[in-house]
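The numbering used here numbers the first residue of the sequence shown as 53 and each following residue consecutively. Every residue, glycine too, gets a C-beta built ideally from N, C-alpha and C. Remember, it's a predicted structure, so these values are computed and weren't measured experimentally.
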Amino acid sequence: MKPRRTGWIENRGLTRRQVMTRGVMGLAGWMLSPIRIASAALQDDLELVSHIPQMTEREAPMLVFRDFVADPDVEVEQHIRLQLGQRKDILDLLREKIGFEKQVRLSMEDLQVRLMFVPQLQKDHAAAYHRYCQDVTDYLFEMNGMDNCYAAITSPNESYPPLSQNGISAFLVHRLAKDYRAICRFTAESGRSVKYKITGAIFSNHLGAVDLEIHSIAPGQFELSRKAFTIWQNNTKNLYTLMSIPVEETLHYQLGKATDREIAASMKNHLPENLSAVQRLAEEWMAVEESVVGGLVNRLLERYCALHHTTIPASIYGETQSAVPSLHQYRYRDRGIQLVENLGFQEALALYMESPSNFRAQLFGGQDA
């Protein structure tokens, strides 16, 4: 995969940090002044980034990222289930139509989602956050000897921003919205059922996401994949969260290779009965992946902030929890933060990449999940 830089840096496969390092080696003291200038510029960027959480939330202008496509979007499906469960008028209608007594089962027969976004309009702040995302991901790649997985990190201001054909595209936006239309089937205890078309729209609560998608390709055979694009929102009141987003999502792409390998091995050894069984298996492993990512993000931001003589905006054991949504997928996060602290950054990363099962065993210390 090609680095996301252009010009001679891209051709030689070097990141900005590596270029600066080679310049120091070749030109010695002559390069000290440019380095100081670059460091001062980054300090200015971090100062601008620190003001973003204090800015007013916006709902416009709303641009189209992608038209309606079939999309098993978990966030949208959870929203639909929650909303329908609270609609007494719909439940009364279903009771009349199919005569359910105590419970009615909802299945999603078709779900289509259109992605919309509110762009980052504050020119100086958007540019500063863009440069920060580039710099901190460079730091992550170089610190761990990882391949740069991004073809581009951009801040789109027009509808239908293009996706790269070579590598992953990361898009920086203010807010992400999802229009949806779904065909839902409601089934009573008796087996009688009826279908309804549901439409609506929500703003996404996922500030960044690298979703694991599961497709049934044949009876008993399933394929795992992760989207070749990721959307990072800056709509948060927590600076730690804002700084974490590019690090966390990049780690999900990197560690996801090991997670997906582990899920595939589990399916091969124990053939799943159906798609629901695979989804449950994947959901459990994604929670383990979230735990190690949470710990690695803390350690990396500590090092990055120390390097640039700034204070990390949330302590590892204090405010971090308030910066993370209290969702079920984060249920092992505290354990992961503590384990990474005990093992060390490089050791925890290497352990997970080699064997997620061994990492999981240490995560629970012989206890069941």
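CB contact below 8 Å: residue i versus chain D
i	result
Val-170	No chain D is present in this structure, which holds just one protein chain.
Beta-carbon proximity check, residue i vs residue j, cutoff 8 Å
i	j	result
Phe-238	Val-156	yes
Asp-97	Ala-180	yes
Ala-339	Pro-408	no
Val-116	Pro-171	no
Tyr-191	Ile-220	no
Leu-391	Gly-347	yes
Ser-256	Glu-127	yes
Glu-334	Ile-364	As written in the sequence, residue 334 is Ala, which differs from the Glu given in the question. Taking 8 Å as the Cβ cut-off, Ala-334 and Ile-364 do not qualify as a contacting pair.
His-360	Gln-95	yes
Leu-415	Tyr-382	no
Val-246	Tyr-356	no
Integer Cβ distance of residue i from residue j, believed to fall under 8 Å
i	j	result
Thr-282	Val-262	6 Å
Ile-132	Ala-240	The Cβ separation is near 19 Å, so there is no contact.
Phe-169	Leu-264	Going by Cβ atoms, the distance from Phe-169 to Leu-264 rounds to 22 Å, so no, they are not a contact pair.
Gln-164	Tyr-248	Incorrect: roughly 15 Å between the Cβ atoms, too far for contact.
Leu-276	Ile-266	6 Å
Ala-234	Asp-119	At roughly 16 Å, the Cβ-Cβ gap does not stay under 8 Å, so Ala-234 and Asp-119 are not in contact.
Phe-152	Leu-146	6 Å
Candidates the options, of which the one nearest residue i by Cα
i	options	result
Arg-139	Glu-335, Glu-336, Glu-210, Ile-250	Ile-250
Asn-200	Thr-302, Ser-296, Arg-313, Leu-403	Thr-302
Met-160	His-226, Asp-123, Glu-300	Asp-123
Asn-290	Gln-106, Asn-257, Ala-253	Gln-106
Gly-422	Lys-154, Gln-217, Ala-402	Absent from the structure is residue 422, since the part of the chain shown begins at 53 and ends at 421.
Gln-217	Thr-108, Val-344, Ala-280, Gln-135	Ala-280
Asn-410	Leu-146, Arg-355, Trp-337	Trp-337
Asn-286	Leu-136, Asp-125, Ala-178	Ala-178
Thr-206	Trp-284, Tyr-356, Gln-130, Ser-242	Trp-284
Leu-307	Phe-193, Gln-135, Ile-104, Pro-208	Phe-193
Leu-136	Cys-236, Met-195, Arg-110, Glu-111	Cys-236
Pro-208	Pro-113, Gln-130, Ile-254	Pro-113
Pro-324	Gln-273, Thr-362, Ile-254	Gln-273
Gln-174	Leu-143, Asp-144, Glu-109	Glu-109
Arg-278	His-103, Ala-413, Asp-312, Glu-111	Asp-312
Ser-242	Leu-134, Lys-154, Gly-252, Thr-288	Lys-154
His-380	Glu-111, Gln-130, His-103, Asp-176	Gln-130
Ala-253	Asp-176, Glu-111, Ile-104	Glu-111
Ile-104	Asp-144, Ala-358, Thr-288	Thr-288
Exposed unless 16 or more other CB atoms sit within 10 angstroms - verdict on residue i
i	result
Pro-271	exposed
Asp-141	exposed
Glu-341	buried
Gly-260	buried
Asn-350	buried
His-304	buried
Glu-406	exposed
Gly-417	exposed
Leu-353	buried
Arg-387	buried
Lys-230	buried
Ala-93	exposed
Leu-84	Bear in mind that the predicted position of Leu-84 carries a pLDDT of just 39, short of 50, making it too unreliable to give a figure here.
Tyr-404	buried
Ser-343	buried
Arg-244	exposed
Asp-125	buried
Leu-38	Nothing can be reported for residue 38: it is not among the residues displayed for the chain, which extend from 53 to 421.
Ala-204	buried
Ala-400	buried
Ala-80	Model confidence at Ala-80 stands at a pLDDT of 37, short of 50, so the residue's coordinates are unreliable; what they give is reported in the following sentence. With fewer than 16 Cβ atoms within 10 Å of its Cβ, Ala-80 is classed as exposed.
Three-pair Cβ contact test at 8 Å for the region 386 to 401 versus the region 314 to 333: no
Report yes or no: do three or more beta-carbon pairs, one from the region 309 to 328 and one from the region 204 to 216, lie closer than 8 Å? no
Between the region 296 to 316 and the region 182 to 200, do three or more beta carbon pairs fall short of 8 Å? The region 296 to 316 is in contact with the region 182 to 200.
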